[in-house]
Amino acid sequence: MKVFKFDCDKFIKISISNLTAYLDITDNVAQKLQELRNNTFMLQPSNFANTFAVGYENIGLFVQDVTNSVDQNFENVPEEDRKAVASSKLRLLIGASIVNEIRRAVKEKTKYECSAGIAHNKILAKLTCAFNKPNKQTVLPIESIENLFKDLPVN
Numbered sequence: 080m081k082v083f084k085f086d087c088d089k090f091i092k093i094s095i096s097n098l099t100a101y102l103d104i105t106d107n108v109a110q111k112l113q114e115l116r117n118n119t120f121m122l123q124p125s126n127f128a129n130t131f132a133v134g135y136e137n138i139g140l141f142v143q144d145v146t147n148s149v150d151q152n153f154e155n156v157p158e159e160d161r162k163a164v165a166s167s168k169l170r171l172l173i174g175a176s177i178v179n180e181i182r183r184a185v186k187e188k189t190k191y192e193c194s195a196g197i198a199h200n201k202i203l204a205k206l207t208c209a210f211n212k213p214n215k216q217t218v219l220p221i222e223s224i225e226n227l228f229k230d231l232p233v234n
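FYI, in the numbering used here the residues of the sequence shown are 80 to 234.
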């Protein structure tokens with residue numbers, strides 16, 4: 080648990096039986112976003128090792144989409160929401176970078192590998208985590224949520 084506490088103060092243990100945890104990294108992402116704007120933090124390709132994005136063939140296409148979304152017009156999005164839509168993808172990308180570092184620390188300190196889901200809430204993150212196991216992480220952009228539910232088996 081110390082590994083998680085070091086990176087994130089908002090740690091919730093969901094299940095002991097299969098070692099499932101939830102980390103709320105919202106504050107961490109906001110801090111990195113500010114550092115990015117101040118040019119004191121850069122996203123590197125190495126930050127996305129073993130990372131996948133729902134709705135994208137590979138993480139590189141998602142990164143390209145995030146880069147392009149900063150300048151996109153978003154004709155179907157109300158003007159007051161356009162910044163939020165672009166920021167949403169960037170926040171997920173920063174979140175993926177942070178989670179990759181946390182997963183690396185878990186491996187280094189415990190010798191255990193772990194998978195992760197990165198989404199805008201813990202339910203979607205939990206569902207997304209199962210997509211690319213073992214030892215990988217998956218990002219769920221808002222526009223891909225519908226695709227998630229299309230492929231999700233319901234019993």
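Yeah, the Cβ is synthetic: ideal placement off N, Cα and C, and Gly gets one too.
- Look at I104 here: in three-state DSSP terms it is coil, with no helix or strand label.
- Spanning the alpha carbons of A195 and E159 requires a straight line of approximately 32 Å.
- Pairing Q216 with F131 gives a Cβ-Cβ distance under 9 Å.
- Less than 9 Å separates the beta-carbon of N126 from that of S176.
- A straight-line Cα-Cα distance of about 27 Å links T146 and A209.
- Exclusion of the five residues before and after L172 leaves L122, V142 and V145 as the residues of its chain whose Cβ lies within less than 7 Å of its Cβ.
- A straight-line Cα-Cα distance of about 10 Å links I104 and H199.
- Between E180 and P124, the alpha-carbon positions lie close to 13 Å from each other.
- Classified as buried, L219 has 16 or more neighbouring CB atoms from the shown chains inside 10 Å of its CB.
- Burial is judged here by how many other beta carbons sit within 10 angstroms of a residue's own beta carbon; I197 has at least 16 and is buried.
- By the neighbour-count criterion, in which 16 or more other beta carbons inside 10 Å mark a residue as buried, G174 falls on the buried side.
- If the five residues before and after E114 are omitted, its C-beta is found closer than 8 Å to the C-beta atoms of F120, all from its own chain and listed in chain order.
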